[in-house]
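Novice: Sharing a structure, written as structure tokens. Questions coming.
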Amino acid sequence: MRKVLEVLTPENVYLEYELAGLGSRFVALFIDALIQLGMLLLVGIGALLGGVELKNPINYSSIIIAAAIIIAFVVIFGYYIFFEMLMNGQTPGKKAMGLRTVRHNGEPIGFFDSFIRTIFRIIELVPLLNLIDAILIVFTKSYKRIGDFAADTIVVKIKKEEKPVTIDSILGKVKDARTIEENQVNEVNRYPVSNFEYGILKEYLERAGRLG
């Protein structure tokens, strides 16, 4: 069932986000898990080959194992932080499913937000907590898991019809700012704005005629 959350931004602009449900989030998580598994397999193969090539592999086995554990931890722990910072709240799995993590007020997430979510993601590897996560996503108002509550974030769907817009394209296409509709702007420009920024621009232009 489609669920929309209305968010009031710090600029007093209301934005609507369609929340991501359990199904799409699970598929995104599964895709990310497959990518992580592939990375861990490469680490394991590299460690195995490194041990074979050493003259005294037994003496260095503990070092190789320790290095492999550290690298594996970085892969598991750093994967989500790296991609969410690089891809503005997305991971490869979320991008494939058209999802994005944002703060509850609609702003992009920062490093600390992603860090908190990742810490709880590792904690939630415990089977019972996984079940609690699924229940929370299904039954809570904002479809939040434990990590989302801790970081005050939500996972939303990206509208497929959304395209980057610019101030110039909005002003050039719309004579009366109060009649702005998203489907009136359908061009891609070299100066794109996000959905969050678009909402602020739209709100400003709608009020422009009433400003003294």
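Just so you know, we're using our numbering here: the sequence shown kicks off at 22 and counts up by one.
Ideal Cβ positions, reconstructed from N, Cα and C, are used throughout, including at glycine.
Are residue 106 and residue 45 touching if we call contact CB-CB under 9 Å?
Specialist: Against the sequence shown, residue 106 aligns to sequence position 85. Against the sequence shown, residue 45 aligns to sequence position 24. In this structure, residue 45 does not lie closer than 9 Å to residue 106 by Cβ.
Novice: Give the single residue among 24, 29 and 23 whose Cα lies nearest to the Cα of residue 124.
Specialist: Start at 1 with the first residue of the sequence shown, and residue 124 comes out as number 103. The option with the nearest alpha carbon to residue 124 is 29.
Novice: What is the DSSP secondary structure of residue 107, reduced to helix, strand or coil?
Specialist: Translated into the one-based positions of the sequence shown, residue 107 becomes position 86. Note: residue 107 maps to helix in three-state DSSP.
Novice: Nearest-angstrom Cα distance between residue 88 and residue 168?
Specialist: Within the sequence shown, residue 88 is the residue found at index 67, counting from 1. Within the sequence shown, residue 168 is the residue found at index 147, counting from 1. Each residue's Cα considered, the two are about 28 Å apart.
Novice: Could you tell me the boundaries of the beta strand (DSSP E) in which residue 122 lies?
Specialist: The residue given as residue 122 occupies position 101 in the sequence shown. Note, residue 122: beta strand (DSSP E), 120-124.
Novice: Return the bridge partner residues of residue 129 from the DSSP annotation.
Specialist: Locating residue 129 in the sequence shown gives position 108, counting from the first residue. Partner(s): 123.
Novice: Could you tell me the alpha carbon to alpha carbon distance between residue 127 and residue 38, rounded to whole angstroms?
Specialist: Within the sequence shown, the letter at position 106 stands for residue 127. Within the sequence shown, the letter at position 17 stands for residue 38. Computed Cα separation, rounded: 8 Å.
Novice: Nearest to residue 64 by CA position, among 96, 40 and 176, is which residue?
Specialist: By 1-based counting over the sequence shown, the position of residue 64 is 43. Among 96, 40 and 176, the Cα nearest to that of residue 64 is on 96.
Novice: Under DSSP, the alpha helix (DSSP H) around residue 152 begins and ends at which residues?
Specialist: Taking the first residue of the sequence shown as position 1, residue 152 is located at position 131. 148-160 is the extent of the alpha helix (DSSP H) around residue 152.
Novice: In the DSSP output, what is residue 178 paired with across the bridge?
Specialist: If you number the sequence shown from 1, residue 178 lands on position 157. Note: residue 178 sits in a beta bridge opposite 39 and 120.
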